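Every number in our numbering is 5 more than the matching position in the sequence shown, counting from 1.
Idealized CB from N, CA, C, for every residue including glycine.
Since the structure is predicted, the reported quantities are computational estimates derived from the model, not experimental observations.
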Amino acid sequence: MKLYGFPPTRSIRVLWTLRELDVEFEFVNVDPSKGEHRRPEFLAVNPAGKLPVLVDGDFILTESVAIVLYLAEKYPEKGLLPSGVRARAEVYRWLLFAATELEQPLWRITRH
Numbered sequence: 006m007k008l009y010g011f012p013p014t015r016s017i018r019v020l021w022t023l024r025e026l027d028v029e030f031e032f033v034n035v036d037p038s039k040g041e042h043r044r045p046e047f048l049a050v051n052p053a054g055k056l057p058v059l060v061d062g063d064f065i066l067t068e069s070v071a072i073v074l075y076l077a078e079k080y081p082e083k084g085l086l087p088s089g090v091r092a093r094a095e096v097y098r099w100l101l102f103a104a105t106e107l108e109q110p111l112w113r114i115t116r117h
């Protein structure tokens with residue numbers, strides 16, 4: 006498994022999840038401030054040029070929340086997701102709330 010990312014971005018969500026799951030992965034640092042996300046070798050992985058990107062065998066997935074949920078589903082024995090549908094719905098609610106409602110205001114606060 007390989008993760009293309011840059012820690013000061015949403016890639017940190019995926020890094021945190023991979024470490025919490027304690028699974029082996031290779032991290033490929035792609036620094037957007039140096040234009041590395043526009044290099045041909047990265048665009049071959051993700052033509053949109055955005056981070057993070059998870060490569061799991063022949064499966065390529067983008068978007069940090071989608072990757073986190075994929076990893077939690079892939080390793081159910083690690084217990085990141087509860088088994089009941091209602092309990093999972095609560096996890097999804099808070100994950101999406103953090104990504105859609107909290108992230109932008111917090112980002113603005115930390116930038117100013």
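Residue i: CB within 7 Å of a non-hydrogen atom of the ligand MG
{"i": "Phe32", "result": "Summarising the ligand content, the structure contains no ligands, and the ligand MG is consequently not present."}
Assumed close pair residue i, residue j - CB separation to whole angstroms, cut-off 8 Å
{"i": "Val35", "j": "Phe11", "result": "6 Å"}
{"i": "Leu56", "j": "His42", "result": "6 Å"}
{"i": "Leu86", "j": "Ala77", "result": "5 Å"}
Per DSSP, cross-strand counterpart(s) of residue i
{"i": "Leu66", "result": "Leu59"}
{"i": "Leu26", "result": "For Leu26, which the question treats as bridged, DSSP gives no partner whatsoever."}
{"i": "Leu85", "result": "In DSSP, Leu85 forms no bridge with anything."}
{"i": "Lys7", "result": "Glu31 and Val60"}
Best match in the options for proximity to residue i [C-alpha to C-alpha]
{"i": "Thr22", "options": "Leu48, Asp63, Gly84 and Glu106", "result": "Gly84"}
{"i": "Thr14", "options": "Glu82, Ser69 and Leu26", "result": "Ser69"}
{"i": "Lys79", "options": "Asp27, Ser38 and Ala53", "result": "Asp27"}
{"i": "Phe30", "options": "Pro37, Arg18, Tyr9 and Ser38", "result": "Tyr9"}
{"i": "Gly54", "options": "Lys39, Glu106, Asp61 and Gly62", "result": "Lys39"}
* Please determine if the region 94-110 and the region 59-76 are in contact, where contact requires at least 3 C-beta pairs separated by less than 8 Å. => yes
* Which full runs of the alpha helix (DSSP H) of 4+ residues lie inside the region 26-54, going along the chain? -> 45-48
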